[in-house]
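Below: the structure, in structure tokens.
Residue numbers (this note's numbering): 745 to 994.
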């Protein structure tokens, strides 16, 4: 059984007013929750042992999964109701789940995509990277910066023009936007074991990339949308009403 983590604990502030009464994981696109899309996408590619972190309206998520009989996969809950731990802290809390010494996939619940997760996973294994980040050439406020070989070198905030370069390979850097889907080697868990409380996994990567290989996996040829706002959900519903190219309706 391949393992994965769905990050579903966030407050979903950009999704208000939807998230005033429910967690972002249970926001719906065309009558299907974001959490269901995420689980079915993972299941389709063989990721059938999944841990889901919860915080905001956690009871609703747990009850939803119970009603759906866990979608026929093995689900575990990582309970962050006492404290929201951010991406890095959430991964650290769930680290005991990844006890098979195999790379695992981490998936943000608020993205909608048909990216081939098997290709991503096997590309990661072949690259010998510690992390492989699914990325796209799209407009965003924050970019990862990669060298010509696809290795992470730094980060840029377009709003503040802050640039952090931690790798010595700084020529011809290419900016790519993170897609919220990544493959992680279990060795990373030991590297974050001393971190305390909430922390961002992005900040960890920016520090580590000076000494460890963190790779880009460009998937510009696949469908992808950020479902972080009510407007984006409305756009996705219009797209889905016009075509059947996607998505996990089975």
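The beta-carbon is built from N, C-alpha and C at its ideal position, and this holds for glycine as well.
Exposed unless 16 or more other CB atoms sit within 10 angstroms - verdict on residue i
i, result
"residue 824", "buried"
"residue 938", "exposed"
"residue 767", "buried"
"residue 836", "buried"
"residue 854", "buried"
"residue 926", "buried"
"residue 979", "exposed"
"residue 847", "buried"
"residue 977", "buried"
"residue 818", "exposed"
Close Cβ partners of residue i (< 6 Å) along its chain, the five nearest in sequence each way excluded
i, result
"residue 763", "756"
"residue 746", "790 and 791"
"residue 776", "none"
"residue 961", "864, 867, 876 and 878"
"residue 861", "789"
"residue 964", "880 and 881"
Identity of the residues DSSP links to residue i by a beta bridge
i, result
"residue 895", "959"
"residue 772", "777"
"residue 849", "748 and 927"
"residue 969", "856"
"residue 791", "746"
"residue 820", "795"
Three-way DSSP call (helix, strand, coil) for residue i in this model
i, result
"residue 799", "coil"
"residue 842", "coil"
"residue 858", "coil"
"residue 954", "coil"
"residue 753", "coil"
"residue 815", "helix"
"residue 979", "helix"
"residue 974", "helix"
"residue 766", "coil"
"residue 874", "coil"
"residue 804", "helix"
"residue 829", "coil"
"residue 760", "coil"
"residue 984", "helix"
Beta-carbon proximity list for residue i, same chain, < 7 Å, skipping 5 on both sides
i, result
"residue 882", "921"
"residue 948", "832 and 936"
"residue 903", "885"
"residue 838", "749, 795, 797 and 822"
"residue 807", "none"
"residue 907", "898 and 900"
"residue 769", "752, 777, 778, 779, 805 and 853"
"residue 872", "957"
"residue 974", "759 and 762"
Close-in-space but distant-in-sequence residues of the same chain around residue i (CB under 8 Å, 5 per side omitted)
i, result
"residue 710", "This structure gives no information on residue 710, because the portion of the chain shown stretches from 745 to 994."
"residue 916", "891 and 892"
Residue i CB to nearest heavy atom of the ligand ATP below 7 Å
i, result
"residue 783", "Of ligands this structure carries none, so the ligand ATP is not represented either."
Within the stretch 876-947, ranges of the alpha helix (DSSP H) (whole runs, at least 4 residues): 931-935
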